[in-house]
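Engineer: Dropping a structure here in structure tokens format, bear with me for questions.
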Amino acid sequence: MRIRLLSLALLVSVTARQASTQGLCSAPEHPASFHDSLRAGGYTLTLVATEGTKRGERVSGQLWLWRTSPRDSSTRTGKVAVKVDTAAAPFYGATDLQFAVVAAPVYSDGSEAEPAPDSRDPVYPGVLVLAGNPHDSMAALATLLISTVSNRRDGVWTLDGAGIALRIRSSGGQLKGDWKEWGIVYNGRGYFCLAPRR
439 MRIRLLSLAL LVSVTARQAS TQGLCSAPEH PASFHDSLRA GGYTLTLVAT
489 EGTKRGERVS GQLWLWRTSP RDSSTRTGKV AVKVDTAAAP FYGATDLQFA
539 VVAAPVYSDG SEAEPAPDSR DPVYPGVLVL AGNPHDSMAA LATLLISTVS
589 NRRDGVWTLD GAGIALRIRS SGGQLKGDWK EWGIVYNGRG YFCLAPRR
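Numbering (the working numbering), first residue to last: 439 to 636.
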């Protein structure tokens, strides 16, 4: 009887933990407009891997967004952002998320071509938000590029590389969507949730 009660308590505990974890970040369901939800400020970003060598793993971290401006200049090089279209790229940002936990192809230190994910430099940001995604047949509401060659706003064009794209598919209390590589380096893929910090 005691073993049965212990087993039941363990099952309830595991089920409750799974339910609370799933409630924190679940796959996107219903599309909506992101314009009322995505703003400058702090967020909690959670990535869940559904493919790759870390399938089934999840990781959370902080993400910050700031509005882009035609007057943005690099704190490191002094270069100014070129061909600035703040409607097409409304935000830049940075994140401290540990991408290796979900095998996301992001270089934590960045490279000459790809800014590090935690870079807050407005011309070489770790995160760049694009309105929609022209390369996506199922158009995303917005795309967050993290540590890709496309993050550079100095007018230099480079192809391929590493980094990932987070494509927002639905919004509400949380922004949700899928993530995968944005270049030739790949491994993990999955879905994400982006929740504003209170």
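Positions of the beta carbon are idealized from the N, C-alpha and C atoms, including for glycine.
(1) Using the three-state DSSP reduction, which class does SER588 fall into: helix, strand or coil?
(2) Candidates GLY564, LEU632, VAL544, GLY570: which alpha carbon is nearest GLU619's?
(3) As a quick exercise: from GLY601, PRO634, GLU550, TRP595, pick the residue whose alpha carbon is nearest that of GLY611.
(4) Check whether the Cβ of VAL623 lies closer than 6 Å to any heavy atom of the ligand SAM, and answer yes or no.
(5) Out of curiosity, what's the CA-to-CA distance linking GLY479 and ILE622?
(6) Quick check on GLY570: does DSSP put it in helix, strand or coil?
(7) From the DSSP output, which residues share a beta bridge with THR484?
(8) On the premise that SER609 lies in contact with LEU579, defined as a C-beta separation below 8 Å, what is that separation, rounded to the nearest angstrom?
(9) Where does the unbroken beta strand (DSSP E) through TYR530 begin, and where does it stop?
(10) In three-state terms, what does DSSP make of VAL381?
(11) According to DSSP, is VAL594 helix, strand or coil?
(12) Taking the beta strand (DSSP E) that GLU552 belongs to, which residues open and close that run?
(13) Going straight from the alpha carbon of TYR481 to that of TYR629, what length do you get?
(14) Cutting at 6 Å between CB atoms, please list the residues of its own chain near THR581, excluding the five before and the five after it.
(15) Quick check on DSSP: helix, strand or coil for VAL544?
(16) The beta strand (DSSP E) with ARG607 in it runs from where to where?
(17) Should TRP502 and ALA532 be called a contact, given that it needs their Cβ atoms to be closer than 7 Å?
(18) How would you label GLU550, buried or exposed, when you count the other beta carbons within 10 angstroms and need 16 or more for buried?
Structural biologist: Looking at the coordinates:
(1) helix
(2) VAL544
(3) PRO634
(4) Because no ligand of any kind appears in the structure shown, any question about the ligand SAM cannot be addressed here.
(5) 31 Å
(6) DSSP places GLY570 in coil when its eight states are reduced to three.
(7) SER498, CYS631
(8) Taking C-beta atoms under 8 Å as the contact rule, LEU579 and SER609 qualify, at a distance of about 7 Å.
(9) 529–533
(10) In the structure displayed, the chain extends from 439 to 636; residue 381 sits before or after that span and is not available.
(11) coil
(12) For GLU552, there is no enclosing beta strand (DSSP E), since its DSSP letter is neither H nor E.
(13) 16 Å
(14) LEU568, ASN571, ALA603, ARG605
(15) Of the three classes helix, strand and coil, the one that applies to VAL544 here is coil, per DSSP.
(16) Taken as a continuous stretch (DSSP letters only), the beta strand (DSSP E) holding ARG607 covers 602–608.
(17) yes
(18) exposed
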